[in-house]
Amino acid sequence: MPMKHFGRLLSAFFFAATLFMISSCSDEIGYSVVLWTLGEQNIADGEVVAVYMKSNISKTYLIANPETDERFEVPLWKLTEPVSKRKIKDVVKQYEEFKHTYAMSIVDGLPIRQETKNLSRQIYRLRKNEVIKTLYVGEGEIPTNGREQLDGQWIRVLTSNGTGGWCFSYNLRTFQMNPDGTYSIDTGDGELQETDDLLETVLASKWYPDYYQQMLKNKEVDLNYVKSDYGFDTGAVSGTVTIRVPTLDVSYPFEGVTKTSSGVYKFNETGIQITVRNEGSISVRYTDPSGRPFTNSFITLPQTADEIIEAETSRREKIYSDLKRLGPTYKSSNYGTLTFSGSGDFTWTGFDNLQPTIIGLGAGNSGRISADYFLSKTQKASWDGILTFHFGERETANFFYKVESNGLRLCNAKVVVTPDPATGRNTVDINQPSGATVIFFHK
203 MPMKHFGRLL SAFFFAATLF MISSCSDEIG YSVVLWTLGE QNIADGEVVA VYMKSNISKT
263 YLIANPETDE RFEVPLWKLT EPVSKRKIKD VVKQYEEFKH TYAMSIVDGL PIRQETKNLS
323 RQIYRLRKNE VIKTLYVGEG EIPTNGREQL DGQWIRVLTS NGTGGWCFSY NLRTFQMNPD
383 GTYSIDTGDG ELQETDDLLE TVLASKWYPD YYQQMLKNKE VDLNYVKSDY GFDTGAVSGT
443 VTIRVPTLDV SYPFEGVTKT SSGVYKFNET GIQITVRNEG SISVRYTDPS GRPFTNSFIT
503 LPQTADEIIE AETSRREKIY SDLKRLGPTY KSSNYGTLTF SGSGDFTWTG FDNLQPTIIG
563 LGAGNSGRIS ADYFLSKTQK ASWDGILTFH FGERETANFF YKVESNGLRL CNAKVVVTPD
623 PATGRNTVDI NQPSGATVIF FHK
């Protein structure tokens, strides 16, 4: 296409677009009900305004002030969808009951849900004293406190960022807003309570069992007790508070959090209470339906459980890969030939002199190796670590090991594992038995 024709076409396009915009701004595309008070324009919710244009790019409507006819833009979520003048009366009627009525959450973490059901998907969590617009009442399942139904009703609400959903009114306090956007609320002490920043931090944090910290400090991460789902989940996203540790696994949907005393908070409609020691440490007390109390401590960490697991797994894999790299075959005239092959596998032949006192008679000549146990400070002076040889599914043998310049030294180790009902974890005692057999394998 010649450039001069293209220029004429472009000019015609802009001329048509300008005519369209002028036409759009001259004639209403419909009428809407104001959902959220437009304080700067002194237009209260419930008022009807003429809508002249809708922009899907800026997400705004162009409307006129009913008193001054001044045109201005407002976010789409602050108005109902434009309808004809004949239909707008029905829209006004839908929002009449809660005209000028707003609400404030009296607890932290009150959920706004997708449907009028207590277990419906949560789409927003209210902060304490956060203001929302009440729109209309809906029918739904009434939440309980475990014994009886709560007072209140499901209300369709709108947050200050345009999120719409359903909120049960038990923990809401309603008030009237003025057309200029001002309001006052009697809270009993004459002023609003400050948002609880400490609780906000706690709710937003990821909490791990406190024994993780000790494991990391001692560099003794027991993968049997470090799990991705272990910890205390405040339910800030899901609306369900969860305690999951070796001795306890409970979850409850909840309706907000109430401060009972300094640093102490109760998850409403559950048996769970937390005491905040500081921003990185909490104590969680759970009382089951029979009245039995369970108390666990949780901490925050700079890394996730998955990162801890990955680091420890890599450390153990390196032990094996180093032994394989330095060998992979080690030989002893009295105790056979030991070969590290594959990924975590071994082959050991000629260990008859270790049977049956150290290696069981049912052991085969191959299996896998793990590094599940840890040395004491005293043992670290003599040994590099402990290897567990798994001969099939049943036969195992534990050995201290030491890498030498010309080979590998092993010594049978006695490992005693004792369950601890209080923690749900095992205690492990490792020692070198009297008359232990020390084996040296040459490379």
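Using the numbering used here, you'd call the opening residue of the sequence shown number 203 and step up by one each time. No residue lacks a Cβ here, since even glycine has one placed at the ideal position from N, Cα and C. These numbers were taken from a predicted model, which means no experiment stands behind them.
Is residue i near the ligand ZN - that is, is its Cβ less than 7 Å away from at least one heavy atom of it?
i: ASN331; result: Ligands are entirely absent from the displayed structure, and the ligand ZN is therefore not among its contents.
Report the residue from the options whose alpha carbon sits nearest the alpha carbon of residue i.
i: TRP409; options: ASP398, LEU418, LYS419 and GLY433; result: GLY433
i: SER572; options: THR559, GLY587, ALA583 and LYS256; result: GLY587
i: TYR326; options: THR361, ALA252, LEU352 and PRO345; result: THR361
i: GLN324; options: GLU457, HIS644 and GLU606; result: GLU457
i: PHE548; options: ILE560, GLN557 and LYS526; result: LYS526
i: GLY465; options: ASP574, ARG329 and VAL404; result: VAL404
i: GLN634; options: ASN600, PRO623, LYS645 and GLY626; result: ASN600
i: PHE593; options: LEU237, GLU512, VAL605 and GLY546; result: GLY546
i: GLU269; options: ILE245, THR598 and LYS645; result: ILE245
i: LEU450; options: GLY441, TYR467, VAL486 and SER578; result: VAL486
i: VAL294; options: THR531, ARG627, LEU237 and ASN331; result: LEU237
i: THR625; options: ASP524, SER607 and ASP412; result: ASP412
i: LEU175; options: ALA583, GLN316, ARG570 and GLU597; result: Outside the displayed span of the chain (203 to 645) sits residue 175, for which this structure offers no information.
i: THR282; options: GLY569, ILE265 and GLU272; result: ILE265
i: LEU528; options: LEU540, SER535, THR346 and THR489; result: LEU540
i: GLN557; options: TYR537, GLU402 and VAL443; result: TYR537
i: LYS461; options: TRP585, ASP399 and GLY366; result: ASP399
i: VAL443; options: PRO313, THR559 and LYS520; result: PRO313
i: VAL605; options: ILE231, ASN363, VAL617 and PRO530; result: PRO530
i: GLY482; options: VAL447, ALA406 and GLY311; result: ALA406
i: ASP435; options: ASN426, LEU425, TYR427 and ARG446; result: ARG446
i: ASP310; options: TYR467, TYR427 and GLY637; result: TYR467
i: GLN415; options: LEU577, ASN555, ASP622 and LEU503; result: LEU503
i: THR559; options: PRO621, GLY637, ARG570 and LEU577; result: GLY637
i: VAL333; options: THR346, LYS645 and TYR304; result: TYR304
i: ARG273; options: LYS261, ARG288, SER286 and VAL253; result: VAL253
i: TYR532; options: SER607, LYS582, GLY367 and VAL439; result: SER607
i: ARG315; options: VAL439, GLU275 and GLY493; result: VAL439
i: SER257; options: GLU275, LYS579, LYS419 and ASP631; result: GLU275
i: ASN567; options: PHE576, ASP554 and LYS330; result: ASP554
i: VAL251; options: ASN267, LEU425, GLN243 and GLY437; result: ASN267
i: GLU402; options: GLY437, ARG494 and VAL359; result: GLY437
i: PRO448; options: SER463, VAL235 and ASP431; result: ASP431
What whole-angstrom Cβ distance do residue i and residue j have, given they're in contact under 8 Å?
i: GLU350; j: THR318; result: Incorrect: roughly 19 Å between the Cβ atoms, too far for contact.
i: GLY514; j: VAL423; result: Sequence inspection shows Glu at residue 514; the Gly mentioned does not correspond to that position. That pair is a contact at about 4 Å.
i: SER307; j: LEU328; result: 4 Å
i: THR590; j: ASP574; result: 6 Å
i: PRO648; j: TYR233; result: For residue 648 there is no data in the structure shown, the boundaries of the chain being 203 and 645.
i: GLY383; j: GLY241; result: 2 Å
i: PRO381; j: THR489; result: Not quite, the Cβ-Cβ distance comes to about 49 Å (not below 8 Å), so this is no contact.
i: ALA507; j: LYS421; result: Not really, about 17 Å apart at Cβ, beyond 8 Å.
i: PHE191; j: SER543; result: Any property of residue 191 remains undetermined from this structure, which presents the chain solely from 203 to 645.
i: VAL459; j: ASN470; result: 7 Å
i: ILE231; j: MET255; result: 7 Å
i: TRP279; j: GLY364; result: 3 Å
i: PHE602; j: ALA583; result: No, PHE602 and ALA583 are not in contact; Cβ-Cβ is about 12 Å, not under 8 Å.
Where DSSP assigns a beta bridge to residue i, which residues make up the other side?
i: VAL202; result: The structure shown has nothing for residue 202, since the chain only spans 203 to 645.
i: LYS468; result: THR460 and GLN475
i: THR580; result: None, per the DSSP bridge assignment.
i: GLU606; result: GLY609
i: ILE484; result: VAL478 and PHE500
i: VAL251; result: SER234
i: ASN600; result: THR590
i: ARG446; result: GLY433 and ASP451
i: PHE300; result: Answer is none; PHE300 lacks a bridge partner.
i: TYR263; result: LYS256 and VAL276
i: ARG315; result: GLN324 and TRP368
i: ASP310; result: VAL459
i: PRO495; result: THR489
i: PRO288; result: The residue you asked about is not Pro; residue 288 is Arg in the sequence shown. ARG288 is not bridged to any residue.
i: LEU281; result: VAL236
i: ALA305; result: ILE334 and THR376
i: SER568; result: THR549
i: VAL640; result: CYS613
Contact between the segment 492–502 and the segment 606–617: three or more CB pairs below 8 Å? no
Measuring CB atoms only, is the segment 293–300 touching the segment 331–343, in the sense that at least three cross pairs come out at less than 8 Å? yes
Restricting to runs no shorter than 4 residues, where is the alpha helix (DSSP H) found entirely within the segment 321–392? none
With a threshold of 8 Å, are at least 3 pairs of Cβ atoms found where one atom belongs to the segment 444–458 and the other to the segment 470–488? yes
Three or more beta-carbon pairs under 8 Å between the segment 350–359 and the segment 368–383, yes or no? yes
Enumerate, from N- to C-terminal direction, the unbroken alpha helix (DSSP H) stretches of 4 or more residues contained entirely within the segment 398–437. 399–406 and 413–420
For a minimum of 3 consecutive residues, which ranges assigned as the beta strand (DSSP E) are wholly contained in the segment 500–561? 531–534, 538–543 and 547–551
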